[in-house]
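Taking numbering that gives the first Met the number 0, the leading residue of the sequence shown gets 0, the next gets one more, and so forth.
These notes concern the structure reproduced below.
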Amino acid sequence: MKKFRKVLDGLTTSSPGGTIGSPSCGSAAGTPTAVPTPKEIDVQETLVSENFQLCKTVRHGFPYQPTALAFDPVQKILAIGSRSGGVRILGRPGVDCYCQHESGAAVLQLQFLINEGALVTACADDTLHLWNLRQRRPAVLHSLKFNRERITFCHLPFQSKWLYVGTERGNTHMVNIESFILSGYVIMWNKAIELSTKTHPGPVVHLSDSPKDEGKLLIGFEGGTIVQWDLRAKKADFRIYYDEAIHSVSWHHEGKQFMCSHSDGSLTLWNLRNTTKPFQVTFPHGKIQKDGRKESCKPILKVEYKTSRNSEPFVIFSGGLSYDKAGRRPTLTIMHGKAITVLEMDHPIVEFMVLCDTPYNNEVQEPYAVVVLLEKDLIVVDLTQSNFPVFENPYPMDIHESPVTCTAYFADCPPDIIPILYSIGAKHKKTGYSHKEWPVGGGTWTLGSHTYPEIIITGHADGSIKFWDASAFTLQMLYKLKTSKVFEKPKPGDGRAAELGEEDPFAVQMVSWCPHSRIFCVVGISAHIILYRFSKYEANTQIVSLEVRLQCEPEDIITPSENENNPCFSEQGSYSPQPHHQHAVSPGSRTPDGAKDSIPCLKVRDKMVRVPPGYQSDLVIQLLWVDGEPPQQITSLDINSAYGLLAFGNCNGLAVVDYLQKTVILCISTLDLYGATDPYQRLTRSPRRNRQSTSEHSMRGLSNFYSDSKKRIRTSYQSLTELTDNQQSIDMERSKSPTSDHVNGHCTSPTSQTCSAGKPRIPMGPEGPRLTRRGPGRPPFRKAQSAACMEISLPVSHTEESRENSFSRSRSSSVSSIDRDTKEAITTLQFGESYGRKSDALPTPCLWVGTSLGVVILIPLSIPTDHEERMEDPVTVGPSGAVQMLKGSVLHCGFLDYNGALIQSPYEVWRDLNALEDPDRQRRRKLVHFSPSSSQETFGEGHLSVVCSERQAKVFLMPSQSCLFVHNITESSFVLRADVVSLCNSVCLACFCANGHVMTLSLPSLRPLMDVNYLPLTDMRIARTFCFTNEGQALYLSSPTEIQRITYSQEMCDNLQEMLGELFTPIETPEAQNRGFLKGFFGGNAHTFDREELFGEAAAGKASRSLAQHIPGQGGVEGMKVAASGAVGELARARIALDERGQRLGELEERTALMMTSADTFSKHAHELMLKCKDKKWYQF
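The structure is reproduced here in structure tokens:
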């Protein structure tokens, strides 16, 4: 525990020796405070570096770009491999594990060691990996790298320790699972086929052992050749040559027949008695044409042939549709007897697998479900019902139902909010699912002791909002809200919709939510804001709309004298809104020259609508077109339910709306915010130029959420992931519209200057220098460090030609600063109780405004306190009384009391406006305030203000406005996200930088506590969705379909093992059915086959060292340490080990007794023989 002591004189402060940065910061203009200030402030900081550790916790969502599927029928767990080398292992709800191959190579195939707690993965880099699943965090035990051959197919027989590996050359190798060493036994392709065959059979596409005899291996080659290889005799039993390429093979459980799927859309059934020709050939979807020929069909990529005791066999396959019908969706076909059911899928099928009751391939399979892995979904079909319904998926696989455009994370929410959201959302759930239990129910999971209510909110490109219950490392959707219902659907021929250039005009850009008051605010891509109130009752409502004209004129002539003599706020009075800030203009309003003017981007429904229970729209705010230019996108937002105010800003200015009275109380440009306190020198600007046509550039904001060259929003999942390295292609795309270097129509770097969207930069002419600002010198940014991949949704924009200077902005008086545009964006807004001026004795409602030039402006507000007066009298805005300076764009503002405790914003207690109240009782607003003086009577009035920018963090003392601490966070990069969060009953400042570093700083001293290089490269998606929350947690969108949650709390890392689910549970392997004497006698005794005798080193020798390289894994000792932390799992495993040891000892005792009996019998017979032959002569024998 460290104590910091600060001595104040009320005017200036000196930084203590332990702080980092400049010793003091100059305060803004204003009179010295007359309020007595405390002589000493004792802040006991309890957080130390040992309280922090960064690690991943859990990943939610659908695996991005899946490639492989596997299922353990005994443990009942499912594994999904992906193209990026990830493996997701799923069990019962709560059992969800993510593993990642270090190489990042795509996963080609997955093979469970059934009921052994292990998994084999085959990757595209021709490496096999063995994963240990007997621990909560699986780890690689062994790896085997093939050097000279490429892996194409793997097969692991049940209860076998030898893995068959087929290669691209057509060879088949054997790998020992226990030691992960290659056997010397190899089935060469030229030995498998006849010597007279002149062509190569192709890669191995199938391997399986015969259900009738495990010593027979069926090898399928891509070219159409099928060979049954006798492993004992090392020769081929039969060879089949077929004209069509083979994609898959499936056995009948008796081992007398097998079925193949082919590239021409046919299925062939082969009988082992006659392998010269197929027993049956069918084209399930091929019709006979008029000329008698079969119509051509697509390949059948996979087929499964499963038998049932009480019904006909199931033949399930994917593909095989005819080519004549274009645009048909992918299908899964289920043939059950004569009935053929075709299930159409929404996405292409990657893989499917039939789930059966038994793990033995020589028993009746009894299929009960089929798991279908699609490119963007996972479904399970119930085979036990004739209509084949699907199971309701308990996993959050639909996060990406529409592309995610923003996220918000709230930890330690009010406990009643989750049940009420769930009860409302449950009324709108889909029906028609199977009534049976979800078949993937393996693993164990218990609710940990360190749990609290958590909610994640995701905004989507189609305007929908999803609320998720994220408590206890799980994710379950609670409630879905569609913001597009507020507006009328844009007509295809609507000129406004066409000129917007947006395929998703309702896309959500940011959200603001108060869990206590249940006020919810949504900012859309079309420069609109929707305010929602929560109600448990349905209602008939008329949507109220406000239209705001928020447009500055940067080309007007502004001189320093004008700014100094004409401040926007008068010291005596207060600001009152002008009539032109609210408009009721017809949508077709245009200027005389034909340009659009005073019309919104979307049209709000003007009819009375009936809204269901849940979030109901209360107010819609839209920015208007001005002189043919679309409104700039909204870049910052804050709402306060206690004040009844909503503030938002963009690169043009700031607006404050009273949503209780439905009026605009402030609408002002950023330049006019300063008034007499403007820290910059104003230079003259050239006269106004003629406007250029901007219709082709207007409002193309959402396209920069994606970097797909086609700019197709609804099909741009892949474009969300990576940024192109081709600078030429980037430049070409930027010349058309904002792309990967822009977010929300603005520059990716928060340090760059801004300009109107779609207005090309015009080189300097003889008219004169542009208006610019000057201030304290700042170190220039390095362009190489803040590269284009650092995409963020911060509110500054620039055109293509200004990109060269976007990361090297300077406020010096150099000529380069004159060449830059001058718009200053509003980057952060924060309501709170503070001191608007140094002379204030008591805290009052204030609005903290942060800009892209590193300026913090404090605007005091006068709000009537009486309920009736608040609903009738206007809210007045006072002159700005404080201006502070930081390096880089301001990202966050927070407030602490003199004890270092976090001061929360005041809020209104939720009340249902649609509830039937007692008419005799007045409905008054109940407000909850957190005054800075409530917990610090001994220290007097005042509080600490924490302000963080993209380069710097500062702590100010209010109301003296003195800078107590300053810390330069980064010089080579910039901060993307910063938040003041609570952790371990204390607070800290958490920062996420563009170079991938996650940092925490103590408060108020700003000491570095943690600095971890977490992500090697930050792309647009991560930068846009990264967010911190309390209790040491954070999240980001790791892929277009997955949410990755992380923690930076040491306590949570220590308790992580008990909060995660167990993948492996001790289950006894089901016994094989008794085959009977006749079947065992005439069908061959497959159980006597010993692979060790054939593939072991003694019989087959060692494989060539150059063929494959064994790589020891890191999961051995570490895995045992991790597994040891789970007491229940360890005891269970110890009990199983003791049982196995006792069983082996019992078997050994029985064998010993048997040997002793045999020895006694042998001794007895030998003695009798000796007595019999004792008296005989040699010639008598």
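Glycine residues also receive a C-beta, built at the ideal position from the N, C-alpha and C atoms.
Host beta strand (DSSP E) of residue i (start-end)
| i | result |
| --- | --- |
| G424 | From DSSP, G424 is part of no beta strand (DSSP E) but of the alpha helix (DSSP H) over 416–424. |
| T332 | 330–335 |
| C1207 | Any question about residue 1207 goes unanswered here, given that the chain covers just 0 to 1180. |
| E1091 | It is not in any beta strand (DSSP E) - E1091 instead sits in the alpha helix (DSSP H) that spans 1090–1094. |
| K481 | 475–481 |
| Y279 | The amino acid occupying residue 279 in the given sequence is Gln; Tyr does not appear at that position. Taken as a continuous stretch (DSSP letters only), the beta strand (DSSP E) holding Q279 covers 279–281. |
| L217 | 215–220 |
| Y1047 | 1041–1048 |
| D236 | 234–240 |
| T999 | 996–1001 |
| Y673 | Segment 669–673 is the alpha helix (DSSP H) holding Y673; no beta strand (DSSP E) there. |
| A121 | 117–122 |
| F894 | 889–895 |
| C1172 | It is not in any beta strand (DSSP E) - C1172 carries neither H nor E in the DSSP assignment. |
| F313 | 313–318 |
| D637 | 635–639 |
Residue range of the alpha helix (DSSP H) that includes residue i
| i | result |
| --- | --- |
| I1182 | The question about residue 1182 has no answer, for the chain in this structure spans 0 to 1180. |
| H866 | 866–871 |
| E1057 | 1055–1058 |
Straight-line Cα distance separating residue j from residue i
| i | j | result |
| --- | --- | --- |
| Q903 | F894 | 8 Å |
| V997 | N175 | 43 Å |
| S1001 | S985 | 9 Å |
| K465 | F220 | 48 Å |
| C259 | L206 | 12 Å |
| K822 | Q621 | 21 Å |
| V42 | G899 | 6 Å |
| F316 | A1071 | 28 Å |
| V521 | L530 | 7 Å |
| A407 | I455 | 6 Å |
| P586 | K661 | Any reading at P586 must be qualified, since the residue scores a pLDDT of 40, below 50, and its modelled position is unreliable; the value itself is stated next. So the alpha carbons of these two residues sit roughly 21 Å apart. |
| K484 | P611 | 12 Å |
| A1165 | L1153 | 18 Å |
| I1182 | T166 | Beyond the ends of the chain as shown, which are 0 and 1180, falls residue 1182; an answer cannot be given. |
| H154 | E101 | 24 Å |
| L1006 | P905 | Contrary to the premise, residue 1006 reads as Arg rather than Leu in this sequence. If I take the Cα positions, the gap works out to 29 Å. |
Residues bridged to residue i [DSSP beta-bridge criterion]
| i | result |
| --- | --- |
| I825 | T850 |
| T843 | S833 |
| D978 | A989 |
| M258 | S249, L268 |
| T1068 | DSSP, once it has assigned bridges, lists no residue as partnering T1068. |
| E453 | A410 |
| H527 | G523, Q621 |
| S544 | V619 |
Complete runs of the beta strand (DSSP E) confined to the segment 46–85 [at least 3 residues]: 51–60, 65–71, 76–81
Do the segment 376–390 and the segment 418–430 meet, that is, are 3 or more Cβ pairs less than 8 Å apart? No, they do not touch.
Completely contained beta strand (DSSP E) runs for the segment 327–383, where each covers 3 or more residues: 330–335, 338–343, 348–355, 366–373, 377–381
Assess, as a yes-or-no matter, whether the segment 1051–1060 is touched by the segment 68–76 under the definition of 3 or more beta carbon pairs within less than 8 Å. no
Ignoring anything shorter than 4 residues or poking outside the segment 391–416, list the alpha helix (DSSP H) runs there in chain order. Complete alpha helix (DSSP H) runs here, min 4: none at all.
Three CB pairs or more closer than 8 Å across the segment 1024–1042 and the segment 398–413: yes
For the segment 862–870 and the segment 879–887, state whether three or more C-beta atom pairs, one from each stretch, are separated by less than 8 Å. no
Hey, is the segment 632–641 in contact with the segment 502–514, meaning 3+ C-beta pairs nearer than 8 Å? yes
Please list the segments of the alpha helix (DSSP H) lying wholly inside the segment 136–206, counting only runs of 4 or more residues, in order along the chain. 188–191
Kindly confirm or deny that the segment 341–349 and the segment 365–375 touch, where touching means at least three C-beta pairs closer than 8 Å. Contact holds: three or more Cβ-Cβ distances are below 8 Å.
Counting Cβ pairs, one atom from each stretch, are 3 or more of them under 8 Å apart for the segment 1058–1067 and the segment 1007–1022? No: fewer than three Cβ pairs fall under 8 Å.
I'd like to know if the segment 251–258 and the segment 269–278 are in contact, where contact means that at least 3 CB-CB pairs between them fall below 8 Å. yes
Pairing CB atoms from the segment 1041–1048 with CB atoms from the segment 44–60, are three or more of them under 8 Å? Output reads yes: the segment 44–60 touches the segment 1041–1048.
With three or more C-beta pairs closer than 8 Å as the rule, is the segment 840–858 touching the segment 642–654? yes
Inspect the CB distances between the segment 295–305 and the segment 239–250 and report whether three or more fall short of 8 Å. yes
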